[in-house]
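Take a look at the structure set out below.
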Amino acid sequence: MSDIDWVNLSQYPFFDKRKHPSAAQCDDIARSITGAMQASPVDTLSTLTYCVICNQCPSEETWIVVFREKNLKAKPLDQIVRLANDAFGPLALQPIYHGDVENANPPLSIYTTPCRPGISLLSTLRCQVYLRREQKEEHIYFIQDLARYFALSWENPQPMNPKELLYLRQAGIRYQLRQFKEVTPSILPSEMIDELIELLPQLFSTEYPSVLTNGNLSLTNIRIDEETRQITSIVDWSLAKILPFGMDLDVLFLVTGYMGLTEWKDYNCKTALVDCFWDEFFACLPRTVLARDVSLEDIRFLAEQAAKLGAILRYGFNRRADGSSDGEVSISEREIVQLRAWFGV
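Following the working numbering, the numbering of the sequence shown begins with -18 at its first residue and continues without gaps.
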């Protein structure tokens, strides 16, 4: 499928410090619960959950089994998914609790949810620079539906506590950006980081919408219809948080190119794909939004800067169990290559 096996390169940080059970044991538990013949892990950055897609079940349904760490600081999974369901409808299915894993260390809860029909987005992406006309048209269908997903997000703002806004803007993310700039000065231009720092008051303000942000819109976390290329479900919501709109829009970088053995390569039609995304996004917004005294160019600019911010925080730092950055800069050569290419450095 590609000149690099993305899934086999992935690591599951969920098991880094876990004594029991192992990934193989979780897969066995998932098969036991669902009766599935096949269990396939979902590639995720989460250290809070491990997700398995179970196929060939006796019920002829496909099931998602979620192993979630009992982190007292994190919201219960069903509460997170309820928020997602309010905003995105059937893209987020309510989980069923199946008890806890015996002797798990740290403790684990088990949830299942029926998996809507579809295939992994990863399996549909082309690892070639030049897309043929029919390939481009197929991908545009997905890009347009992705834009509709983000339009739903914009239309369903979530309130953020003013104190939390102030902390994230001044003490939290500002500090992390400065750390990234100091520890890795050769990765991104300091002027680019400074611009993001200057924009924090605008992004983390009551005037700019804060929304439920999935936090893990990876190529295997999104499932789509094989024929229509429309999104059928988002598998993992464990890292979801309320953040400024656009902070998981870095997924647009991921779906307009591919990672080769040593370098990131954009599709030859990337500009057209990105423009198509924004055309569809604005077409989906209600007239009341478009009538406000704010230009569409300003909305796009701030959202694209939020996407850069989200990418830096996601790929440039160690992550806590709840998926948030712990402030310690940690970035692989592969991620450096991606960030530099995405930001045009």
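No residue lacks a Cβ here, since even glycine has one placed at the ideal position from N, Cα and C.
Legend entry - Closer than 7 Å: Trp135 CB and nearest the ligand GDP heavy atom: Summarising the ligand content, the structure contains no ligands, and the ligand GDP is consequently not present.
Inset, instruction - Helix, strand or coil for Asp175, going by three-state DSSP, please let me know. - result: It is helical.
Inset, instruction - Could you please give me the residues that DSSP links to Ser101 through a beta bridge? - result: Arg204
Inset, instruction - Could you please give the first and the last residue of the uninterrupted beta strand (DSSP E) stretch that includes Ala20? - result: 19 to 22
Legend entry - Whole-angstrom distance between Arg97 and Lys51, CA atom to CA atom: 26 Å
Legend entry - Classification of Tyr239 by the beta-carbon crowding that lies within 10 angstroms, buried from 16 upward: When all chains shown are included, Tyr239 counts as buried.
Inset, instruction - Using beta-carbon positions only, say whether Gly227 and Ala264 come within less than 8 Å of one another. - result: Against a cut-off of 8 Å, the Cβ pair of Ala264 and Gly227 comes out as no contact.
Legend entry - Simplified DSSP state of Ile312, which is helix, strand or coil: coil
Legend entry - DSSP state of Glu118 mapped onto helix, strand, coil: helix
Legend entry - Three-way DSSP call (helix, strand, coil) for Pro225 in this model: strand
Inset, instruction - Compare the C-alpha of Ile215 against each of Ile100, Gln6, Gln139 and name the closest. - result: Ile100
Inset, instruction - Could you check which residue in Glu285, Leu224, Val23, Glu309 has the C-alpha nearest to that of Glu145? - result: Minimum Cα distance to Glu145 is reached at Leu224.
Legend entry - For Lys0, three-class secondary structure by DSSP: coil
Legend entry - Three or more C-beta pairs below 8 Å linking the stretch 151 to 163 and the stretch 106 to 114: no
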